[in-house]
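Chemist:
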Amino acid sequence: MDLGELLLECFSTLTVNKMRTGLAILGIVIGIGSVIALISLGESSQKMVENQIQSLGSNLLTVQPSGQNNGAVRGAQGGGTTLTLEDALAIRTSPTITSVKTISPELSRRTQVIVGRNNTNTQIYGVYPAYAEIRKLTLSSGVFISARDVETMSKVAVIGPQVVTDLFGDGVNPIGKMMRTGTQTLKVIGVTTAKGGSGFNNQDDMIYVPLSTAQKQLFGVSYLSSISIEAKSQDVMTQAQNEIGYFLLARHKFNDPTQADFSIMSQADIMNTASSITGTFTTLLSGIAAISLLVGGIGIMNIMLVTVTERTREIGLRKALGAKQKIVILQFLFEAIILTITGGIIGMILGILISFVLSNTMNLPFTISWPAIFLAMGVSGVIGVVFGWYPAQKASKLQPIEALRYE
Amino acid sequence: MIQLKDISKIYKTEAVETTALSHISFEIEKGEFTAIMGPSGSGKSTMMHILGALDLATSGEYILDGESVSKLSQDELADIRNRKIGFIFQAFNLLPRTTALKNVMLPMVYAGVPKEERLEKAQKYLEMVGLGNRMYHTSNQLSGGQQQRVAIARGLVMNPAILLADEPTGNIASAQAEEVMALFQKLNDEGHTIIMITHEPDIAAHAGRIIHVKDGVIIDDEINKKKKKAYYQK
Chain A
848 MDLGELLLEC FSTLTVNKMR TGLAILGIVI GIGSVIALIS LGESSQKMVE
898 NQIQSLGSNL LTVQPSGQNN GAVRGAQGGG TTLTLEDALA IRTSPTITSV
948 KTISPELSRR TQVIVGRNNT NTQIYGVYPA YAEIRKLTLS SGVFISARDV
998 ETMSKVAVIG PQVVTDLFGD GVNPIGKMMR TGTQTLKVIG VTTAKGGSGF
1048 NNQDDMIYVP LSTAQKQLFG VSYLSSISIE AKSQDVMTQA QNEIGYFLLA
1098 RHKFNDPTQA DFSIMSQADI MNTASSITGT FTTLLSGIAA ISLLVGGIGI
1148 MNIMLVTVTE RTREIGLRKA LGAKQKIVIL QFLFEAIILT ITGGIIGMIL
1198 GILISFVLSN TMNLPFTISW PAIFLAMGVS GVIGVVFGWY PAQKASKLQP
1248 IEALRYE
Chain B
-6 MIQLKDISKI YKTEAVETTA LSHISFEIEK GEFTAIMGPS GSGKSTMMHI
44 LGALDLATSG EYILDGESVS KLSQDELADI RNRKIGFIFQ AFNLLPRTTA
94 LKNVMLPMVY AGVPKEERLE KAQKYLEMVG LGNRMYHTSN QLSGGQQQRV
144 AIARGLVMNP AILLADEPTG NIASAQAEEV MALFQKLNDE GHTIIMITHE
194 PDIAAHAGRI IHVKDGVIID DEINKKKKKA YYQK
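Chains as they are written, first to last, in the numbering used here: chain A, 848 to 1254; chain B, -6 to 227.
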């Protein structure tokens, strides 16, 4: 009996026992499909979280003035007035600083903003156009502050969706409308895309104006509250931090870094948070994968073992009619492999489809997790083949009449 | 041709030991037509299974065509079952949901008979047992008697030297039973050795020799004198 004959015999057995074949394939499909769908969904959510963190800007350094040292009294962090626009421009033009991509000088204050009878107390940011790039800010309508706005001290503002709701009401297009703050009137020229978030530093609850407007017209100050600096890549963060640090120390005429009147923070704390979130996700995903593999595997094992009685009799009969042990085992092994491959492919397609549909409805980025696919196919495949083959190999060792009488 | 020497078969379960056959010895010559009779539980089916190399004796020696069966490997036994022995099971033991044709072709698949020849022979034997118009029916679409006849066709299709039949007429009407017996007679005339189990004296009467078994031992071994058969008249 050659291999072709044997395969034909396998296919004939599989097609004749449609119910059994169908159930076995279903078990494998569900086992593999669920693992792939669950892990892909998990990875999509993980990616979403990473994207959100990324959107805060991971190559970001923030220079803030330190509190002034007046004798023994040290002022609050960020409360100083030592950081100026000139500092920012000098960093940008310095030939010794090579690792910096973009610089955004900022002045921020909380202030009252009024439109008609509505008012809100919110954060106003005086910014350069670079701010949008550094903070990955996108607009849902209108335009952002331009270099020309900064130059001409235009009284324009870009506002967050929360501000729109608070001042203009839901669903109102605020572009071109006026807002009042103090004695000044600002014209809305853009609305930022909602990023979600709440509480302190809610990015949706902010107003952006040209830096010059904020400094001279709104608040009458000449200092900056912070300089955001984007490094060229995450690898040169430390380099950038050192370059800027020594540059500003020299500029502010300090010899001792501990006496500096500014501080530089990297996004290291954010990245730490990110990696701890990612870590939690990885643990969660491994848990999900383990459980679904277990469930899938048991499903496959069940259907393979449920048919053992019938199959043992079949083995007895085949042996009684002259099938050699090896032939019987090979037949069952091939059947198990055919079932596993068929079920595996269907399961893979199903799993990918499910995760595609779910990530679309849940607004997650769609990812195909290849490790999940290999893991699911591998484990389910091994379970399918082992539990298809093992009882067969046991039954093939029985005397034909024992196998025929098996109950 | 067939020689049983002091054969015993003991089934062991956890607590109980059941002796199915106890020190049985007999010989069957080539071309004999033998019936084995006995009440249920007498050990006649066990004897049949050992004769058919479907089971091994606990002790004693079974010599088939000069070869000691108990010393053969599983695969050698499979080969003997395939080529030398045609077995008709009491419970038919057809492959479920499989066509009559495929069932009959199965022993030839394992013998490595070419495909065309398989089909041709299977058709021939199915026609011989009167199922020419039922070849593509699956086993569950056939009546008990028809399944019995598929089992007979399968037992004969390899043209075995020995035909073993366990209650071959147990599930069919008496008119059909006569037909089966006529078929057996014809095969016997052609030189096949036939051993069948039956509890019906009418059926046993077709055999030239009748072995009576009870409680695992042979209580009688008679030549059926009423039967007119050339072999015994020699």
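Heads up, the beta-carbon is just placed ideally off N, CA and C, and yes, glycines get one too.
Please name the residue in T1028/A, I1054/A, G973/A, S1075/A whose C-alpha comes closest to that of T949/A.
Modeler: For the purposes of this step, residue 949/A is identified with residue 102 of the first sequence, where counting begins at 1. The shortest C-alpha separation from T949/A is found at S1075/A.
Chemist: If you draw a straight line from the alpha carbon of W1236/A to that of L88/B, how long is it in whole angstroms?
Modeler: Numbered from its first residue, the first sequence carries residue 1236/A at position 389. Numbered from its first residue, the second sequence carries residue 88/B at position 95. Going by the C-alpha atoms only, they are around 20 Å apart.
Chemist: Determine the closest residue to F1128/A out of V1155/A, G1092/A, L885/A, with distance taken between C-alpha atoms.
Modeler: In the first sequence, the residue the question calls residue 1128/A occupies position 281. Selected option, being the one with the closest Cα: L885/A.
Chemist: Excluding the five sequence neighbours on either side, which residues of its own chain have a C-beta within less than 7 Å of the C-beta of N133/B, listed in chain order?
Modeler: Counted from its first residue, the second sequence places residue 133/B at position 140. So the list reads P89, R90, once near-sequence residues are dropped.
Chemist: Taking the C-alpha atoms as reference points, what is the distance between S881/A and T1156/A?
Modeler: Your numbering for residue 881/A matches position 34 in the first sequence. Your numbering for residue 1156/A matches position 309 in the first sequence. Using only the alpha carbons, I get a separation of about 29 Å.
Chemist: Going by the CB atoms, is the gap between A1087/A and I981/A shorter than 9 Å?
Modeler: Here the question's residue 981/A lines up with position 134 in the first sequence. Here the question's residue 1087/A lines up with position 240 in the first sequence. Going by C-beta atoms, I981/A is not nearer than 9 Å to A1087/A.
Chemist: Hey, would you say I81/B sits closer than 9 Å to L156/B, going by beta carbons?
Modeler: For the purposes of this step, residue 81/B is taken as the residue at position 88 of the second sequence. For the purposes of this step, residue 156/B is taken as the residue at position 163 of the second sequence. Yes, these two residues count as a Cβ contact at 9 Å.
Chemist: Determine the DSSP secondary structure at Q959/A, reduced to helix, strand or coil.
Modeler: Reading the first sequence from its first residue, position 112 is the one you call residue 959/A. Reduced to three states, the DSSP call for Q959/A is strand.
Chemist: With DSSP as the reference, label L1033/A as helix, strand or coil.
Modeler: The residue given as residue 1033/A occupies position 186 in the first sequence. Here L1033/A sits in strand by DSSP.
Chemist: Pull up the distance between the alpha-carbon of K(-2)/B and that of S18/B, whole angstroms please.
Modeler: Translated into the one-based positions of the second sequence, residue -2/B becomes position 5. Translated into the one-based positions of the second sequence, residue 18/B becomes position 25. Looking at the two C-alpha atoms, the distance is approximately 5 Å.
Chemist: Is there a C-beta anywhere in chain A that falls below 9 Å from the one on F100/B?
Modeler: The count along the second sequence starts at 1 and reaches residue 100/B at position 107. One detail in the question is off: residue 100/B reads as Pro in this sequence, not Phe. Interface residue, yes.
Chemist: Output yes if chain B places a C-beta closer than 9 Å to the C-beta of L1207/A; else output no.
Modeler: Within the first sequence, numbered from 1, the residue matching residue 1207/A stands at position 360. The sequence given here places Asn at residue 1207/A; Leu does not occur at that position. It does not; no Cβ of chain B falls within 9 Å.
Chemist: Measure from the alpha carbon of P161/B to the alpha carbon of each residue in S167/B, P194/B, Q83/B, L135/B, then state which is nearest.
Modeler: Start at 1 with the first residue of the second sequence, and residue 161/B comes out as number 168. Ranking S167/B, P194/B, Q83/B, L135/B by Cα distance to P161/B puts Q83/B first.
Chemist: Output the distance between the C-alpha atoms of S38/B and E110/B, rounded to the nearest integer angstrom.
Modeler: Numbered from its first residue, the second sequence carries residue 38/B at position 45. Numbered from its first residue, the second sequence carries residue 110/B at position 117. One C-alpha to the other measures close to 33 Å.
Chemist: Between the segment 26 to 38 of chain B and the segment 200 to 218 of chain B, do at least 3 Cβ pairs fall closer than 8 Å?
Modeler: Flag = yes, the segment 26 to 38 of chain B and the segment 200 to 218 of chain B touch.
Chemist: Looking at chain A, which residues of the segment 101 to 128 of chain B have a Cβ within less than 7 Å of any of its Cβ atoms?
Modeler: So the list reads V102, Y103, A104, G105, given in the order they occur along the chain.
Chemist: Given a cut-off of 9 Å on the beta-carbon distance, is the pair K1063/A and M1000/A in contact?
Modeler: Numbered from its first residue, the first sequence carries residue 1063/A at position 216. Numbered from its first residue, the first sequence carries residue 1000/A at position 153. In contact: K1063/A and M1000/A (Cβ atoms closer than 9 Å).
Chemist: Give a yes or no on whether the C-beta atoms belonging to L1058/A and V974/A are separated by under 9 Å.
Modeler: Within the first sequence, numbered from 1, the residue matching residue 1058/A stands at position 211. Within the first sequence, numbered from 1, the residue matching residue 974/A stands at position 127. Contact: yes.
Chemist: Does the contact criterion of 3 or more C-beta pairs under 8 Å hold for the segment 1166 to 1182 of chain A versus the segment 94 to 104 of chain B?
Modeler: Touching, per the Cβ criterion.
Chemist: Helix, strand or coil: how does DSSP classify G927/A here?
Modeler: As a working note, residue 927/A is residue 80 in the first sequence. Of the three classes helix, strand and coil, the one that applies to G927/A here is coil, per DSSP.
Chemist: Express the C-alpha separation of D48/B and V1232/A in angstroms, rounding to a whole number.
Modeler: Taking the first residue of the first sequence as position 1, residue 1232/A is located at position 385. Taking the first residue of the second sequence as position 1, residue 48/B is located at position 55. Going by the C-alpha atoms only, they are around 29 Å apart.
Chemist: Determine, using beta carbons only, whether H185/B comes closer than 9 Å to chain A.
Modeler: Translated into positions along the second sequence, residue 185/B becomes position 192. No, H185/B lies away from the interface with chain A (no Cβ there is under 9 Å from its Cβ).
Chemist: Evaluate M189/B with the Cβ neighbour count: other Cβ atoms within 10 Å of its Cβ, from every protein chain shown; 16 or more gives buried, anything less gives exposed.
Modeler: Stepping through the second sequence from its first residue, residue 189/B is reached at position 196. M189/B should be labelled buried.
Chemist: Tell me which residues of the segment 44 to 72 of chain B have at least one Cβ-Cβ distance to chain A shorter than 7 Å, keeping chain order.
Modeler: Hits within the stretch, in order: L47, D48, L49, Q67, D68, A71, D72.
Chemist: If you draw a straight line from the C-alpha of E54/B to the C-alpha of E7/B, how long is it?
Modeler: Locating residue 54/B in the second sequence gives position 61, where the first residue counts as 1. Locating residue 7/B in the second sequence gives position 14, where the first residue counts as 1. Answer to the nearest angstrom: the Cα atoms are 26 Å apart.
Chemist: Which residues, taken in chain order from the segment 31 to 45 of chain B, show a beta carbon closer than 7 Å to some beta carbon of chain A?
Modeler: Listed by position along the chain: H42.
Chemist: What residue does the alpha helix (DSSP H) around D1108/A start on, and which one ends it?
Modeler: Indexing the first sequence from 1 puts residue 1108/A at position 261. Note, D1108/A: premise wrong, no alpha helix (DSSP H); not H, not E.
Chemist: Which stretch, first to last residue, makes up the beta strand (DSSP E) that contains N181/B?
Modeler: One-based indexing of the second sequence puts residue 181/B at position 188. Not the beta strand (DSSP E): N181/B falls in the alpha helix (DSSP H), residues 167 to 182.
Chemist: Less than 9 Å between the beta carbons of R1098/A and A937/A, yes or no?
Modeler: Taking the first residue of the first sequence as position 1, residue 1098/A is located at position 251. Taking the first residue of the first sequence as position 1, residue 937/A is located at position 90. For R1098/A and A937/A, yes; Cβs fall inside 9 Å.
Chemist: From L873/A to E1182/A, what distance separates their C-alpha atoms?
Modeler: Locating residue 873/A in the first sequence gives position 26, where the first residue counts as 1. Locating residue 1182/A in the first sequence gives position 335, where the first residue counts as 1. Each residue's alpha carbon lies about 15 Å from the other.
Chemist: Between which two residues does the alpha helix (DSSP H) carrying M98/B extend?
Modeler: Against the second sequence, residue 98/B aligns to sequence position 105. Segment 93 to 104, the alpha helix (DSSP H) holding M98/B.
Chemist: Step through the CB atoms of chain A and report whether any lies within less than 9 Å of the CB of Y224/B.
Modeler: Indexing the second sequence from 1 puts residue 224/B at position 231. For Y224/B, the predicted model reports a pLDDT of 44, less than 50, meaning its position is unreliable; a value from the coordinates is still stated below. Chain A, which has no Cβ nearer than 9 Å to the Cβ of Y224/B, makes this no.
Chemist: Would you say P1193/A faces chain B, with C-beta separation under 9 Å as the test?
Modeler: For the purposes of this step, residue 1193/A is taken as residue 346 along the first sequence, with counting starting at 1. The sequence given here places Ile at residue 1193/A; Pro does not occur at that position. No, I1193/A does not count as interfacial toward chain B.
Chemist: Find out if the Cβ-Cβ distance for the pair T1189/A, I875/A is shorter than 9 Å.
Modeler: Counted from its first residue, the first sequence places residue 1189/A at position 342. Counted from its first residue, the first sequence places residue 875/A at position 28. Their beta carbons are under 9 Å apart, which means T1189/A touches I875/A by this criterion.
Chemist: Considering E852/A, what are the terminal residues of the alpha helix (DSSP H) in which it resides?
Modeler: Within the first sequence, the letter at position 5 stands for residue 852/A. Start and end: 850 to 863.
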